[in-house]
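Engineer: So for the sequence shown, the UniProt record's numbering puts the first residue at 1; every next one is plus one. Below is the structure I would like to discuss, written out as structure tokens.
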Amino acid sequence: MSTFDRLCAIAQHCKDEHPEETPSSLHHKRLKGWKKPASMKAKLTERLAAARTKKGKDEKDDHERLAKLSSCLTAKHMKAAWWKRLCKEDPEHKQLLLEKTGWTEEEISKPVYGRPHYRIGEAKNPGPHAQASLCGISILSLNVGGAPGCWRALAEDFFDADVVCLQEASLSRSEFGGFARQAKKKDYSTFQCAAPAEQGRWGGVVTLVRKTVRHGAVVTDSRRGVQMLGVWLPDAFLLNAYVAPGNEQVGAEMLGSLFAAHALDKQEWLLTGDWNQEPEDNVLGPLCFAKGGWLVGAAHRWTSKKRIDWAASTISPMRLSFQGAETRRAVSDHPGFWLRLTDKVQTPRRGRLKPAPTWHKPSFLSGQQWTQALSEAWDRVVKKTKDYADMRNQLKNESPFSVQDSWDCFMSCMRICFVEALYKLGQVCIDPEQTEEIKRLSDQYGFEAKGRPARFQWVTVGKNSGGQQNPGEAQRRIRRRLARLYEALRIAKNGASIDPALLRKLGPGWEALDAPDVRDAVAAELKQLKQQQHKLEQAEARKRLKNWKDRMCQGTFGHLGRWLKNQKQVCFGVTLYDSKGEAHDRIKAADMIHDFWSSVWKESGSVNTDEAAANLCKQFGEDQSKLVWDALPLDALTQAVKKAKGSAGADGWDGDELRYVPNQAIGCYHELVLRWTLAGQLPLQMLQARQATVPKPDKIEKGNRLPVGGTRPLTVMSVWWRAFASAWVHSPQMAAWTSANLDPRVCYGKGSDSPESAVDRLQSKFAGQGGVLCALDFSQAFDRLNPNLTASALASLNFPPGLPRLLQLAWGEQQRFIQWDGHTCPRVLKPSGTPQGCPLAPLILAVYTTAGIKATEAGQDFSADTSIYMDDRTMYARTWFAVKSRISAWSSWSASMGLLENGKKTQVCARGKLAKQEVAIDCPQDWIRTEIKALGCTTTAQPRKESSTEADRVDAAIQTAALLRSVPLAWQRKTLAFRCFVLNKASYGWVSRFPTLTSAGKVFNSLTAAYKTNRLACKAFRKTLYGAVLDLSLVVLCRTWKRMAKEVDKGHRPRWTAGPHTAVSALRKTLNRFGFLEVGPWEWTVPQRWVRLIPRAESTVKLEGTGAVDAQLHAFRAQYRRNAYEHFLKGKRHEARELCAQYTPDDLRRFYAAISIEQSREALSFGPGHRAVMLASVVSPSWYGKVCADKEGVSQACPWCGHEFGSWRHVAWDCPCNPLPVGLSPPQNPLTFRFGWLGKDDHNAPLALAHLAATVDALWKTRYGDR
């Protein structure tokens, strides 16, 4: 009999003959010498019969039993049946006992089932043992170097760790079964992600978790040389990974897929393992850091200093710590390292605003189709809805107009419109996935809360027991069912009474079951329910991954941009503090933030509003536009609604919903806002806002402590208000008003200087003439702009009639709900500042700074050049006295307006002997800098390396590139995404110098690695084919050229003889490096050897303005490619030596001129074989056989015909076993013959490229099989 059959027989026998026992308890009793009675069943029956016939006990015994029942919960479990029988059969005796003991019947009869605390959770495990809860969970990460290392670690009892992460645990299926059984004896649960068979003894990961540590669902993924195994721990996700050398890109894509499939972006996670790459390298480490992680710790091999075993996490350093390497005992050539994770302190409840549904566009519809569906639904709303009729009556003055009632009616119509559209779509959908999506959108909770005034709620926060932390409702139902089943099973095994309420929740018929039947029913359902849970988890993961890929890889870059922006989770678990102490939970932290801002506005409210408004109007001057304002036009509001974006405010509507609102509904909205303007009132929804508070990364102190003033308030107003304000901001009337009234030194609006242009102008003067540069900054600028002062001043400055009053209401009577770490403060904040989230806020600040610069420049004895962008003010003067007087003037003006200068951010930099002496003598020492950061750019006073700001910007760009590497984008889309998100970030702020070759190379290589173009690809060919639009040096050069062309249009041509540390000097040096020759001031030409081979427009460039700038930038890119091609010819690659040996330099330039770079670059996206040929990364059999001579079965012969020397020419063009396609003859251009580059007029070239790519694919299949 097999072991399985024998155990089944024992279990059945125990069930039939010994229902009170389990096989385990029966076995232990027999070991202790217990003798089996003649008939256990008969004895039990006799005992029960005797208990039923026994009428009662004496009074003393009953008194003692009752005392135990009332005082001891354990006794209460045992005596509950006695008390129930006594109440039923002898009520007089029961009453006598109650009178003598003083207990009440409610106290005695209160049911306590199972253990003292009735528990329903989401996991079978009871949670961490006492030691883990006090000292934390110990985690050991160790590369064991193969199966023997696993058994050695087992012999060491896994060093008594709570969680063990093993890499290169190459256990076969049978070996893992034995290993798991032995680990189970040591009280560990074991999980494996095995490596493919072709990896041999390398690869594979195993994670062991002590059973007393609560853990949940397991996630596995294995591709090529990468294995990843994830386990849900309490409040965190642990990922154990092994990445074989050379598979970093595969690992990045796997991480991206895992994070998307299991929604890890908003969870705390811990990644640990053997990455075979140092954390500072340009793939996996930057990817983890770009997702908000930090380096927890790293270890190196016993015989190496390279740190390839490391861990990164988003868990707060207060909870997760690095404990050092395991140096006491050696299991392999990796020492391993220790981590300790402590429990998360979390309040049992949190505040929130009542949630509302989110009706985003169904994924299977286009934007036009969804708008059409909503338009048809709105027509039905107009005909059938009473709320619409009531709103119409108020707008027609048939009843007293109420701003609040009319808006509530409009919101009711909008709710019905979206639900009606979804209902009609659900009726016509046939595809099951589409029907399921419509059902999910329709069945969301909180219909009545959508568009209504915000309502605060307290909700209980459950302790996560392992598993997906934000599951859907279907998952929650299964988890609750599992928890109830496990609870019933545990109580039944203990022999205690099961709560009837629990049995009723399990379903009809469960109350009638006794304990043995409950155990059988639970066991039967658990297996089925677990399978159902696993299938649902897998289906949801696949769905999330598919939706993520569709959003990333299709349509515009809107979803990709938002995803990139949301990846940088600043930090988890920072501890806020103020002068009164620390806030150790989020409820206290939110209260601390509330009190802080209340004190800020109390301090700034001491300014006389009327006097300050009068001064502001006087300093600003009279309105120069003389506009007669028209009402807000419908087309401006419609355009603003269609461009709406951003998160939802307190009313629940977000930009993704608003942009599809039908035009008929926008017309009603337009009528309502016009009535708001006339009435000077706003509905309550426009006054309510969320203040999402986030930490400022540079303010976080040691120990993850953060001063409460180091937080950034992000005010999210209603998206309906944002659309209204945006319509005014972008209206032609407002553009005319700003251009006529704002000071030209204030960078705001179309046509004004960009921040880079402003700093470039100041830096040129500073570098050429010497003097003093100074940068000033406000503290909490927007938050200290008083709404009452603003409204009073705008009314006198010919602002649109009625708009100042609405601004005063929306800003001055605002109700803010403070949010921190997922908690909403119940106390509503009444601000007296300007919300940064309002589109009108930057314009209002520009009005203030215009008045400020006019006031501070009045009466100055020495001239200075000043530029203002938002609240940053940068000024240049020849003397320190001129700068000092303006600093003093700005300080006085700010105080008069209730603003606060931030002295800690004041920066002063001097150039020239006299200026340095003046600054050193009279300037506060904490203001003096060698260079200053102004408007995001770093100035230069002397030769220097890259500043911290410039280096940080390059690092941020590389991290963004690492994020893009984790997204499976097509070739062309990846190129566009890189230009949009990486180069735009890295190319900003280079005004006094250009990026170094090292920095430019890092950025360029980050994309090259993402392209997977092979390590043997020619670097010069990469630059020739796609580097002209992706090389940071050339992008910065083109950006600078466009900036100078705009200055020429304004009549401010830069000085040709500008000295070092200026944009002109950097531009001339870079053009010279790219091969251009200076003909005269602002005129360059290409080398003479290329002049006759290229179009005339590409041969000469001259700075003349923006009219010809596109052609000039094209000439720059064309010369960049030619320069890279010449570098290839001068290089040491054997292809270059062969070409130079066969052809003259003039011939090689003529061959290049006949190539169409645009067509060739497009051909790179055709497939990996095409890229391998065109970038020269494919190697011939002869080269491969020479390099890999030590490998068995590898030779230099042709793999198809057996020719003794399998050169590339032979296998591609001469091998009889690889015939040419019909109509193809060997190309005459060697660049097409060898690399497949497409000629401009060569119709044979595409066929030749296809043949070469097919040859590459055949070679790869011969060498590597189907891998």
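Note that CB positions come from ideal geometry on N, CA and C, so glycine has one too. None of the values given here were measured: they were computed from a predicted structure.
(1) Should residue 337 be counted as a contact of the ligand MN given a C-beta to heavy atom distance under 7 Å?
(2) Residue 608 by DSSP, collapsed to three states: which one?
(3) Between residue 308 and residue 556, what straight-line distance do the alpha-carbon atoms span, to the nearest angstrom?
(4) Where DSSP assigns a beta bridge to residue 720, which residues make up the other side?
(5) Look at the alpha carbon of residue 126 and the alpha carbon of residue 521, and state the distance between them as a whole number of angstroms.
(6) Nearest by alpha-carbon distance to residue 669: which of 702, 633, 650 is it?
(7) Does the distance from the C-beta atom of residue 793 to that of residue 617 stay below 8 Å?
(8) Note down, in chain order, each residue of its chain lying with its Cβ closer than 8 Å to the Cβ of residue 504, except the 5 sequence neighbours on either side.
(9) Examine the Cβ distances between the segment 607-624 and the segment 670-689 and report whether three or more of them are shorter than 8 Å.
(10) Please report how far the alpha carbon of residue 638 lies from the alpha carbon of residue 367, in whole angstroms.
(11) Determine the burial state of residue 276: buried for a count of at least 16 other Cβ atoms within 10 Å of its Cβ, exposed for fewer.
(12) Just grab the DSSP bridge partners of residue 774 for me.
(13) Roughly how many angstroms separate the alpha carbons of residue 860 and residue 883, rounded to a whole number?
(14) So for residue 933, helix, strand or coil by DSSP?
(15) Tell me, please, whether the segment 807-821 touches the segment 333-347 by the rule of three or more beta-carbon pairs shorter than 8 Å.
(16) Leaving out five residues on either side along the sequence, give the residues of the same chain with a beta carbon under 8 Å from the beta carbon of residue 862.
(17) Alpha helix (DSSP H) containing residue 242: first to last residue?
(18) So, for residue 379: in the same chain, excluding its five sequence neighbours on each side, which residues have a beta-carbon less than 8 Å away from its beta-carbon?
(19) Consult DSSP for residue 435 and reduce its assignment to one of helix, strand or coil.
(20) Cα-Cα, which of 440, 896, 858, 900 is closest to residue 871?
(21) Hey, could you find the ends of the beta strand (DSSP E) residue 690 is sitting in?
(22) Do the segment 351-359 and the segment 434-445 touch if we need at least three Cβ pairs shorter than 8 Å?
(23) Comparing alpha-carbon positions, which option in 299, 1250, 530, 1029 lies nearest residue 142?
(24) Which of helix, strand or coil does DSSP assign to residue 1165?
(25) Would you mind giving the Cβ-Cβ distance between residue 768 and residue 1063, rounded to the nearest angstrom? I have them listed as a contact below 8 Å.
(26) Tell me, which residues are paired with residue 310 by DSSP?
(27) Give every residue of the same chain whose Cβ lies closer than 7 Å to the Cβ of residue 1070, excluding the five residues on either side of it in the sequence, and list them in chain order.
(28) Alpha carbon to alpha carbon, how far is residue 1268 from residue 1016?
(29) Rounded C-beta distance between residue 708 and residue 596? I'm assuming under 8 Å.
(30) Given 8 Å as the limit, is there contact between the segment 1128-1141 and the segment 1018-1032, that is, 3 or more CB pairs closer than that?
(31) Using only alpha-carbon positions, find the residue among 205, 458, 304, 271 that is nearest to residue 348.
(32) How is residue 116 classed by DSSP in three states: helix, strand or coil?
(33) Determine the closest residue to residue 653 out of 628, 718, 540, with distance taken between C-alpha atoms.
(34) From the DSSP output, in three-state form, read off residue 1224 for me.
(35) Which ranges would you report for the alpha helix (DSSP H) in the segment 153-214 if only whole runs of at least 4 residues count?
(36) Are residue 1249 and residue 1236 touching if we call contact CB-CB under 8 Å?
Structural biologist: Taking the coordinates as given:
(1) The model on display carries no ligand, and the ligand MN is accordingly not part of it.
(2) coil
(3) 38 Å
(4) Paired residue(s): none; residue 720 is not in a bridge.
(5) Residue confidence is low: residue 126 scores 39 on pLDDT, short of 50, so the model does not pin down where it sits. Its coordinate-derived value is still stated next. Distance between the alpha carbons of residue 126 and residue 521: 22 Å.
(6) 633
(7) yes
(8) 510, 511
(9) no
(10) 16 Å
(11) buried
(12) 875, 908
(13) 10 Å
(14) strand
(15) no
(16) 877, 878, 879, 881, 882, 885
(17) Counting along the chain, residue 242 falls outside any alpha helix (DSSP H), though it belongs to the beta strand (DSSP E) covering 236-243.
(18) 664
(19) helix
(20) 900
(21) 688-695
(22) yes
(23) 299
(24) helix
(25) Actually they are not in contact, since the Cβ atoms of residue 768 and residue 1063 sit about 12 Å apart, beyond 8 Å.
(26) 273, 298
(27) 994, 1033, 1037
(28) Only positions 1 to 1267 of the chain appear in this structure, which leaves residue 1268 out of reach.
(29) 5 Å
(30) yes
(31) 458
(32) At residue 116, the pLDDT of 33 sits below 50, so the modelled position is not reliable; the number obtained from the coordinates is stated separately. Residue 116 falls in the coil class under three-state DSSP.
(33) 718
(34) coil
(35) 173-185
(36) yes
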